[in-house]
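Participant:
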Amino acid sequence: MPHQELLTESQRLSLQTPATDERGMVRHYTLSSEDLALINRRRGDPNRLGF
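Heads up: the sequence shown at position 37 corresponds to 37 in the UniProt record's numbering, and the numbers run straight through without jumps.
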């Protein structure tokens, strides 16, 4: 069976290349207040990592 590409080369590169500008880094690597609220609701001793 022939191999079918799901993404174009430019789509693949955009997903695999990390953001390097400040706006892109903030967008992709900063947790929102909703994210932090969810984390705090799920946080507890059973799933604690580290010390």
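Glycine is no exception: its CB is placed at the ideal position from the N, C-alpha and C atoms.
1) How far does the alpha helix (DSSP H) with Ser14 in it reach, from first residue to last?
2) How big is the Cα-Cα spacing for Ser10 and Asn47?
3) For Leu6, collect the residues of the same chain with a Cβ closer than 8 Å to its Cβ; drop the 5 residues on either side in sequence, then sort them by chain order.
4) Checking 8 Å against the spacing of the C-beta atoms, do residue 55 and His28 come in under that value?
Facilitator: With the structure as the only source:
1) Glu9 to Gln16
2) 38 Å
3) none
4) Since the first and last residues shown for the chain are 1 and 51, residue 55 lies out of range.
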